[in-house]
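Asks: If you're matching positions, the sequence shown starts at 49 in our numbering and goes up one per residue.
Glycine residues also receive a C-beta, built at the ideal position from the N, C-alpha and C atoms.
Please read all numbers here as calculations on a predicted model, not as lab measurements.
Mind having a look at this structure? Questions to follow.
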Amino acid sequence: MFEFYHKFDTVMNNSISHEKNEQIIERIFKYNDNILRMTYHAYMSIVSLIVKKRISTNILQTISREKLIEDCTSRCVVTPYKISIGRPKIKRTRSEAEHPPGPNLSSVGLQQKCSNCSKFSHNKRGCLTDFQV
49 MFEFYHKFDT VMNNSISHEK NEQIIERIFK YNDNILRMTY HAYMSIVSLI VKKRISTNIL
109 QTISREKLIE DCTSRCVVTP YKISIGRPKI KRTRSEAEHP PGPNLSSVGL QQKCSNCSKF
169 SHNKRGCLTD FQV
């Protein structure tokens, strides 16, 4: 880094202060880094297109997952219990012996009854009669 700074300083003939030299050097490094990133992404996109084309034309053979997975004879490691964030779920997990709950009763086909006047076809909010205490 020092050699690069010294060469850069001799080229500029000490006409710029040291702070400006450091800023210019940082900009040069950032610019080069951005160029490297852009070329890498462009290269990888071209490579992925070539691989897809070769797979579609059967030049490259794909490998199935069964061939990649080896038989594991070691004991499986259980992940540690993690307390979840937020409100806990209310619905409990049922055992295998319990039957699943039946469907809830729907209100389709049932008539509404007003709790204020005890008449059908409306509820307490839609009641036109005065509330009796």
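How many Å lie between Arg173 and Glu144 at the Cα?
Replies: The sequence position of residue 173 within the sequence shown is 125, counting from 1. The sequence position of residue 144 within the sequence shown is 96, counting from 1. When rounded, the distance between both Cα atoms is 45 angstroms.
Asks: Does the Cβ-Cβ distance between Gln160 and Asn171 come in under 8 angstroms?
Replies: Residue numbering aside, residue 160 sits at position 112 when the sequence shown is read from its first letter. Residue numbering aside, residue 171 sits at position 123 when the sequence shown is read from its first letter. In terms of Cβ geometry, Gln160 and Asn171 form a close pair [threshold 8 angstroms].
Asks: Name the DSSP beta bridge partners of Lys100, please?
Replies: Here residue 100 is taken as the residue at index 52 of the sequence shown, counted from 1. Note: Lys100 sits in no beta bridge, so no partner.
Asks: From Arg140 to Lys167, what distance separates their C-alpha atoms?
Replies: Translated into positions along the sequence shown, residue 140 becomes position 92. Translated into positions along the sequence shown, residue 167 becomes position 119. In a straight line, the C-alpha of Arg140 is about 40 angstroms away from that of Lys167.
Asks: Quick one: what does DSSP say Lys167 is sitting in, helix, strand or coil?
Replies: The residue given as residue 167 occupies position 119 in the sequence shown. Lys167 falls in the coil class under three-state DSSP.
Asks: What does DSSP give as the partner residues of Lys161 in its beta bridges?
Replies: If you number the sequence shown from 1, residue 161 lands on position 113. Lys161 pairs with Phe168.
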